[in-house]
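In this note's numbering, the protein residues as written are 1286 to 2080.
Worksheet: one structure, shown below.
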C-alpha cells in the first residue's frame, strides 16, 4: 500500500485504470468473439429465413399451377394456363436455387428432389390426362361431366396434398433450425452477458479500490477547474451537446477528458436514436402504404396498429360484419380488442396462447370469407409481446367459386341458362366471369340451334339449317349438320324422281302386258284355226293317198275307164288346188305366229330394260320378262321349223300338181302308157305318204305352239301382277317421302296407284303374201313360195 502511496497521481490513476481497462479489453475481446459468433449465427438465421421464403414461394408457384389448371379445365381457354406455365417455370427455378441454398443439408436436398419428382408425377398422372379430357371436351368428344368424374378420382388432390406435406416438412425443418440457431444465439448472448457482468464487476471493484486511494488527488485529475467541470456536466445533463468541452492538450484521462468523451458518445447515441426513430417511422409508413391488410395487437389482444389497407377492407365489409357483430365499427378499431371479431373469444385466447409459429385460418363473418395469417411477436428474450394478423378478404373468390359450382351443376343437368353475376365483380374475377358467360352463351346458342334443326327434321322439315356464325369445332359441327340436311334433300329428291320413273315404267309395263295378253289370245285363236285347217289337210292328203292306191290298182283298167280316169284326174287336180290353198292358209297363219313371236320378244326386251331401270324393285319383273323372251324365241324357232315343213310340203304339192296336170294332158295316151301312168301314180302315192308324215309333224308343232301360248298367257298374267305390285311399292315410297318438306318447296305428295289402262285394239297383223307359179292347167291352184326375208334376227 505504501508503494501505491509513493506513486504519482499518474501512476495511481494508471494503476487504478489499468486493471479495469485490462478487464474491459478482455471483456471486449470476448464480446467481439461472441459478436462474431452472433453475426455468424445471424447469417445462418438469415439464410434459414431465405430458405423458408423459397419454400413459401415454391408453395405459391404450386398454387399458381393448380389455379391455372383449374381455370383451363373450367373454361377450356388456353390463356387461363398462363399461371400454370409461369408457375411451372418459376417452380423449377426456385427448386434449383433452393437445392443450392440447402446443399449443406442432404436431408433437405432429398426433400426438394422428392418434391420435384412428385411434381412430375402430378403432371403425368393428373395434369396431362385432365388437359387431354379438356381438349376432348373442346373438340366435342367428351363433356364437362368427364372432367368432373376424372377430378373426382382424387389423383390431383392426393399428389397436391403430398407435395404440400413435403413443403411443410421442408419449412418445418428449417424452422427447427431457426429455433436451434436462435437458441445458440441466446446461449452465446447469455454467456457474453455473464462475462461482461463478471468482468465489469471485477473492474468496478478495482476501480473502487483505486478511487479510494486517488480520491485525494481527484481535483488534480479533474483536468480543469471544478466549476467548469460542473458547468460542462450541467450542459450535458441538460442535453446541450453542441458546445465543445475544452481540455488540456494531450489530456485523455482527466475528468474533463472523460466528459469530452461522454459528450461525444452521447451525441453518437442521440444520432443513433434519431436514426432508429426515423427507421421505425419508415417502417410504419411502409406498413401504412402496403396493400396487404396488417393488424397488430399487444399481449392483451388489444389492437395497437392497423394499416390503411386493413381499415379500408373492414370498412368495405362493415355492413356484412354487422350482421353477425352488430357493434362492429371499423373507425374505432385502435385500442379495441381482437376478441370483437369472434363469437367465442375464449377459444381464440387459448389458440393464441398455444401458437408458436405461423397459423393460417379462415373465418366467416356476416357472409364475408376472411383468410387470416397469424404470427406471434416476441421480444429479444423470446417473450411474447403481441400478435400480428394479415387479413385477406376472399369473399369474391368464394362467391365466384360457388357461382361456378352452380353453373357446372346446372350444365350437368342440361341447363345452360345459368350465368355469373358481373355487378359485384372487378379485375381478374370480372374478366374470368365474362369469359365463362361468353362461353356459356356460345355453347347455349349452338345447342339451341342444333336442337331446332333436329326438331324440324323430326317433323319432316328439311328446309331448316343453322345460319348463325361459329368458330372452331362448333363451326365444323354446324357445317357437317348443314351438309347432312342438304344431302338428305338431294337423296330424297332423287328418290322422288326415281319413284316417279318407277311409276311411269310400271304403267308402261302394265300397258305392254295387256297388249301382250291380247296378242296371246289372238295367237291362240289363230292356232285353233290352223289346227282345223290341218285336220282338213290331213283328210285330203289321206284321201289323195287312197285315190293314188286305187289308181295304182286300177291301172290295168285305165284303157276302159279313160273317161273315168280323166274325171279322177280332174278331181285330183281340184284336190291339189285345195291342198295348195290350205298350204297358203297355213303359211299365212305361220306368218302371224312369227309376227307374234317377234312382238313378244320385243316386249320382253323392253320389259327387261325397264326392270333394270327400276333397280331392286324390278328384279322379279326382270326374271318374268326373261322367261317371256325365252318363250317368244322358242315360238319363233317353232314357226321357222313349220315354215320349212310347209315349204317342203308346198314343193311336193307343186310336184304332185304338175304330175296330175301332165296326167290330164296325156290322158289320151293313157292306154299306151299304162305302165308310165302306174309309175307316176305310185310316185303320187309316195308323195301323199310323205305329205301325211309332214302334216303329222305340223300338227305336233302346232300342239307345242299351243302349249307355249298357254305358258305365255300365264307369264303375261304374272307380268301384269308384278307391274301392279311395282306400282303399289312406288306409291308407298312416294307416300313415305311425302312426310318430308324439302328445300325449294319440293314437298312430295302421294302418287295415285298405277292401274293398267285398257290396251288399244290390236292392229292387223301383217300377213306375208306368196306368189304361186302358173299352172299349165287352167284349174291349177297357186303354190306358196318363201323369200329370203322370212328369216328374222334374234336380238
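All residues carry an ideal CB built from backbone N, CA and C; glycine is no exception.
Taking the Cβ atom as the reference point for each residue, do residue 1646 and residue 1637 lie within a distance shorter than 8 Å? The residue given as residue 1646 occupies position 361 in the chain shown. The residue given as residue 1637 occupies position 352 in the chain shown. 8 Å or more divides the Cβ of residue 1646 from the Cβ of residue 1637.
From the DSSP output, in three-state form, read off residue 1303 for me. Working through the chain shown from its first residue, we reach residue 1303 at position 18. DSSP places residue 1303 in the helix class (H, G or I) of the three-state scheme.
Can you check whether the CB of residue 1912 is closer than 8 Å to the CB of residue 2000? Translated into positions along the chain shown, residue 2000 becomes position 715. Translated into positions along the chain shown, residue 1912 becomes position 627. A contact, by the Cβ cut-off of 8 Å.
Please determine if the segment 1910-1926 and the segment 1878-1885 are in contact, where contact requires at least 3 C-beta pairs separated by less than 8 Å. Contact holds: three or more Cβ-Cβ distances are below 8 Å.
Using DSSP with H/G/I as helix, E/B as strand and the rest coil, what is residue 1439? The residue you call residue 1439 lines up with position 154 of the chain shown. DSSP, read as helix, strand or coil, puts residue 1439 in coil.
Rounding to the nearest angstrom, what Cα-Cα distance links residue 1523 and residue 1472 in this structure? By 1-based counting over the chain shown, the position of residue 1523 is 238. By 1-based counting over the chain shown, the position of residue 1472 is 187. Spanning the two alpha carbons is a distance of roughly 39 Å.
How far does the beta strand (DSSP E) with residue 1590 in it reach, from first residue to last? Taking the first residue of the chain shown as position 1, residue 1590 is located at position 305. Element bounds for residue 1590: 1588-1591.
Run through the DSSP bridge pairs and tell me what residue 1459 is partnered with. Stepping through the chain shown from its first residue, residue 1459 is reached at position 174. DSSP lists no partner for residue 1459.
Here's the rule: buried if 16 or more other CB atoms are within 10 angstroms of the residue's CB, otherwise exposed. What is residue 1580? Reading the chain shown from its first residue, position 295 is the one you call residue 1580. It counts as buried.
Residue 1605: first and last residue of the uninterrupted beta strand (DSSP E) it sits in: Sequence index remark: in the chain shown, residue 1605 carries index 320 (1-based). It is not in any beta strand (DSSP E) - residue 1605 instead sits in the alpha helix (DSSP H) that spans 1603-1609.
For residue 1470, collect the residues of the same chain with a Cβ closer than 6 Å to its Cβ; drop the 5 residues on either side in sequence, then sort them by chain order. Stepping through the chain shown from its first residue, residue 1470 is reached at position 185. Excluding positions up to five away in sequence, the list reads 1323, 1326.
Assign residue 2096 to buried or exposed, taking buried as 16 or more other Cβ atoms, counted over all protein chains shown, within 10 Å of its Cβ. As displayed, the chain neither begins before 1286 nor continues past 2080, which places residue 2096 out of reach and without an answer.
Buried or exposed for residue 2019, going by 16 or more other Cβ atoms inside 10 Å? Residue mapping note: residue 2019 aligns to position 734 of the chain shown, counting from 1. Within 10 angstroms of the beta-carbon of residue 2019 lie 16 or more other beta-carbons, which makes it buried.
Quick check on residue 1669: does DSSP put it in helix, strand or coil? In the chain shown, residue 1669 corresponds to position 384, counting from 1. The answer is strand: DSSP assigns residue 1669 an E or B state.
Using beta-carbon positions only, say whether residue 1353 and residue 1419 come within less than 8 Å of one another. Working through the chain shown from its first residue, we reach residue 1353 at position 68. Working through the chain shown from its first residue, we reach residue 1419 at position 134. Not closer than 8 Å, so no.
Other residues of its chain near residue 1415: CB distance less than 8 Å, five sequence neighbours each side excluded: For this step, residue 1415 is matched to residue 130 along the chain shown. Once the five neighbours on either side are set aside, the close Cβ partners of residue 1415 are 1354, 1358, 1432, 1435, 1436, 1441.
To the nearest angstrom, how far is it from the Cα of residue 1448 to the Cα of residue 1398? Here residue 1448 refers to the residue found at position 163 when the chain shown is read from its first residue. Here residue 1398 refers to the residue found at position 113 when the chain shown is read from its first residue. So the two alpha carbons sit approximately 11 Å from each other.
Inter-residue Cα distance where the pair is residue 2044 and residue 2008: Start at 1 with the first residue of the chain shown, and residue 2044 comes out as number 759. Start at 1 with the first residue of the chain shown, and residue 2008 comes out as number 723. With a pLDDT of only 43 at residue 2044, under 50, the local geometry of the prediction cannot be trusted, and the value read off the model is given with reservation. Each residue's alpha carbon lies about 15 Å from the other.
Let me know if residue 1763 comes out buried or exposed under the rule of 16 or more other beta-carbons within 10 Å of its beta-carbon. Residue numbering aside, residue 1763 sits at position 478 when the chain shown is read from its first letter. The residue is buried, with at least 16 neighbouring Cβ atoms inside 10 Å.
Can you check DSSP and say which residues form a bridge with residue 1657? As a working mapping, residue 1657 is identified with position 372 in the chain shown. Answer is 1646, 1676.
Taking DSSP as the reference, what is the three-state secondary structure of residue 1622? Position 337 of the chain shown, counting from 1, holds the residue named residue 1622. If DSSP states are grouped into helix, strand and coil, residue 1622 belongs with the strands.
Classify residue 1389: buried if its beta carbon has 16 or more other beta carbons within 10 angstroms, exposed otherwise. Taking the first residue of the chain shown as 1, we reach residue 1389 at position 104. Exposed.
When the Cα atoms are used, what is the spatial distance from residue 1673 to residue 1615? Position 388 of the chain shown, counted from the start, is the residue given in the question as residue 1673. Position 330 of the chain shown, counted from the start, is the residue given in the question as residue 1615. The C-alpha of residue 1615 is placed about 18 Å away from the C-alpha of residue 1673.
Take every Cβ of the segment 1740-1753, pair it with every Cβ of the segment 1962-1973, and state whether three or more of those distances are shorter than 8 Å. In the pairwise beta carbon analysis, the segment 1740-1753 is classified as not touching the segment 1962-1973: fewer than three pairs are separated by under 8 Å.
By Cβ distance, which residues of its chain are closer than 7 Å to residue 1427, with the 5 residues on each side in sequence left out? Translated into positions along the chain shown, residue 1427 becomes position 142. These residues qualify, in order along the chain: 1418, 1421.
Going by the DSSP bridge assignment, what does residue 1662 pair with across the sheet? Numbered from its first residue, the chain shown carries residue 1662 at position 377. 1671, per the DSSP bridge assignment.
Touching or not, the segment 1769-1789 and the segment 1871-1880, by the rule of three or more beta carbon pairs under 8 Å? Counting C-beta pairs with one atom in each stretch, the segment 1769-1789 and the segment 1871-1880 have fewer than three that are closer than 8 Å, which means they do not touch.
Do residue 1526 and residue 1552 have their beta-carbon atoms positioned less than 8 Å apart in this structure? Along the chain shown, read from residue 1 onward, the residue named residue 1552 stands at position 267. Along the chain shown, read from residue 1 onward, the residue named residue 1526 stands at position 241. For the pair residue 1552 and residue 1526, the CB atoms are nearer than the 8 Å cut-off.
Measure the CB-CB distance between residue 1622 and residue 1669 and report whether it falls below 8 Å. Position 337 of the chain shown holds residue 1622. Position 384 of the chain shown holds residue 1669. Contact annotation: residue 1622 and residue 1669 have beta-carbon atoms that are not nearer than 8 Å.
Residue from 1967, 1909, 1598, 1975 whose Cα sits closest to the Cα of residue 2002: Residue numbering aside, residue 2002 sits at position 717 when the chain shown is read from its first letter. Measuring C-alpha to C-alpha distances from residue 2002 to each of 1967, 1909, 1598, 1975 identifies 1909 as the nearest.
Sub-8 Å separation of residue 1344 and residue 1452 beta-carbons: Taking the chain shown and counting its residues from 1, one reaches residue 1344 at position 59. Taking the chain shown and counting its residues from 1, one reaches residue 1452 at position 167. Between residue 1344 and residue 1452, the CB-CB gap stays under 8 Å.
Straight-line gap, residue 2047 to residue 1947 (C-alpha atoms, nearest Å): The residue you call residue 2047 lines up with position 762 of the chain shown. The residue you call residue 1947 lines up with position 662 of the chain shown. Residue confidence is low: residue 2047 scores 43 on pLDDT, short of 50, so the model does not pin down where it sits. Its coordinate-derived value is still stated next. Approximately 46 Å between the Cα atoms of the pair.
Counting C-beta neighbours from all protein chains within 10 Å, is the total for residue 1478 16 or more, i.e. buried, or is it exposed? The count along the chain shown starts at 1 and reaches residue 1478 at position 193. With fewer than 16 neighbouring CB atoms inside 10 Å of its own CB, residue 1478 falls in the exposed class.
Leaving aside the five residues before and after residue 1403 along the sequence, list all residues of the same chain whose C-beta is less than 7 Å from its C-beta, in chain order. Working through the chain shown from its first residue, we reach residue 1403 at position 118. Once the five neighbours on either side are set aside, the close Cβ partners of residue 1403 are 1444, 1447, 1448, 1451.
Starting from residue 1580, follow its DSSP beta bridges and name the residues at the other end. In the chain shown, residue 1580 corresponds to position 295, counting from 1. 1591, 1674.
With distances taken between CB atoms, is the gap from residue 1678 to residue 1602 smaller than 8 Å? By one-based count along the chain shown, residue 1678 stands at place 393. By one-based count along the chain shown, residue 1602 stands at place 317. Going by C-beta atoms, residue 1678 is nearer than 8 Å to residue 1602.
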